[in-house]
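The number in this note's numbering is simply the position in the sequence shown, starting from 1, with 1 added. Each residue gets a CB set at the ideal place from its N, CA and C atoms; glycine is no exception.
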Amino acid sequence: MQTLSYDIEIKASKQKVWEILWQKESYQAWTQFFSCSSTMQSDWKVGGKTYFYDAKGDGMISIIERLDEPNVIIFKHIGMIQNGHEDTESDEVKTWAGALEKYMLFDLDDCTQVHVEVDIQP
């Protein structure tokens with residue numbers, strides 16, 4: 002796997018940035034650039050499942066590996082949802098299962114640095 006890293010500085014507190022990242026309405030707004038009408042559903046517990054859905058209800062199944070609000074959340078991707086069925090066992094899923102997606106927030110003088118790392122298959 003290859004890890005992509007992204008950084009941005011936002012003029013807002015860590016708590017405000019966290020809320021914008023993960024509250025339902027604002028999540029849908031910022032993720033529309035990746036997947037129109039995307040939503041997520043989570044129990045917000047370490048080891049708990051998180052579901053990322055597209056407009057058709059297909060998407061990704063993940064587990065929260067680490068959660069330290071408003072500093073860090075790490076998702077471990079374990080499967081996908083297609084046509085209403087969860088798939089964590091297919092050969093396709095096994096090629097990328099275990100990929101991590103990390104969001105880390107850091108206080109700077111007058112803003113918050115958001116650092117994102119995403120594992121991808123080249």
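Name the DSSP bridge partner or partners of residue i?
i     : result
Phe53 : Met41 and Met61
Tyr7  : Val117
Classify residue i as buried or exposed, calling it buried when 16 or more other Cβ atoms lie within 10 Å of its own Cβ.
i     : result
Met81 : buried
Leu5  : exposed
Please confirm whether residue i and residue j have their CB atoms less than 8 angstroms apart.
i      : j      : result
Asp55  : Ser43  : no
Thr51  : Ser63  : yes
Val119 : Asp8   : no
Ala3   : Pro123 : Per the sequence shown, residue 3 should be read as Gln rather than Ala. It is a contact, given that the beta carbons lie within the stated cut-off.
Ser27  : Thr113 : no
Check each candidate in the options and name the one with the smallest Cα separation from residue i.
i      : options                        : result
Thr89  : Glu20, Met61, Ile121 and Ser27 : Met61
Pro71  : Gln122, Glu87, Ile21 and Gln16 : Gln16
Asp110 : Thr4, Glu10, Trp19 and Phe53   : Glu10
Gly85  : Tyr28, Glu93, Gly58 and Leu68  : Gly58
The stretch 96–112 touching the stretch 67–83, judged by at least three CB pairs closer than 8 angstroms: yes
Could you tell me whether the stretch 40–48 touches the stretch 102–113, using the rule of 3 or more Cβ pairs below 8 angstroms? no
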